[in-house]
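Numbering (mature numbering (1 follows the signal peptide of the UniProt record, and there is no 0)), first residue to last: -20 to -1, 1 to 216.
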Ligand SMILES: *[C@@H]1O[C@H](CO)[C@@H](O)[C@H](O)[C@H]1NC(C)=O
């Protein structure tokens, strides 16, 4: 039993090591600059997460090249979104709030899938009642760079929230960021996650990502070239 646990832990560590991306210096600088809640331009205000009810904002830099979520003294947390295909599967089995579909299922089906699958696809929830990131030119299924647990992962904008709640990601991404303890009913509560979304057609990941991917690693890997290109343009 103990041996099995050890093996699982080692395999998980190996998996994480293999697939986490090192945070490039320019992105680390940006993270350090904004991690205390700095918000150059608040494009939408008054959202909620964890302890910050009605105090979370969507921010952009002054040139509107990148959007992220802040609290008055930090960034975002990571709750778990299990919506979409195979909704109650794996670590989503205990999800209390699952809905049948993700927001852009109409676009996803064009790529031969029934919907995004939280257990496979690295995706992030952006947009709420009263704010649609498309108003900033951010396209559905476009690339989102996620700095979590001191690592960088790439994801797509895959869902939105009908209420005022921000800071949510797919279970596969949450497990990659914070390990096995993340489940459909238990996320990461510290406000230290940076979700970076990019406006423009060029950030549309749906054209280059591997829609046939069978695992998180395979899908996330396929976002690498586009993600690397986009984060290279980030300046603190
Ligand atoms: C949105 O927020 C509500 C209320 O907190 C929550 O129950 C729901 O699961 C959230 N997620 C999505 C993707 O709608």
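Don't be surprised by glycine CBs; every beta carbon is placed ideally from N, CA and C.
Asked, Found
"Are the CB atoms of residue 116 and residue 173 within a distance shorter than 8 Å?", "no"
"Using only the alpha-carbon positions, how far apart do residue 206 and residue 177 sit?", "13 Å"
"Under 8 Å: do the region 153 to 171 and the region 127 to 144 share three or more Cβ pairs, one atom per stretch?", "yes"
"Is the beta carbon of residue 64 sitting closer than 8 Å to the one on residue 95?", "yes"
"For ligand 1, is there a heavy atom less than 7 Å away from the beta-carbon of residue 85?", "no"
"Would you mind working out which of 48, 141, 59 and 149 sits nearest residue 22, comparing C-alpha positions?", "48"
"Return yes when the C-beta of residue 131 is under 7 Å from any heavy atom of ligand 1, and no when it is not.", "no"
"Count the other CB atoms within 10 Å of the CB of residue 143; is the residue buried (16 or more) or exposed (fewer)?", "exposed"
"Return yes when the C-beta of residue 63 is under 7 Å from any heavy atom of ligand 1, and no when it is not.", "yes"
"Measuring alpha carbon to alpha carbon, tell me which residue in 71, 3, 11 and 114 is nearest residue 153.", "71"
"Nearest CA to the CA of residue 36: which residue from 54, 10, 42 and 183?", "54"
"For a test of the three-state rule: what should DSSP assign to residue 118, helix, strand or coil?", "coil"
"Would the beta-carbon of residue 14 fall within 8 Å of that of residue 125?", "no"
"Give every residue of the same chain whose Cβ lies closer than 7 Å to the Cβ of residue 109, excluding the five residues on either side of it in the sequence, and list them in chain order.", "142, 143 and 144"
"So the beta strand (DSSP E) residue 57 belongs to, where does it begin and stop?", "56 to 61"
"Give me the DSSP bridge partner(s) of residue 47.", "40 and 177"
"Hey, how far is the Cα of residue 151 from the Cα of residue 61?", "7 Å"
"From the DSSP output, in three-state form, read off residue 144 for me.", "coil"
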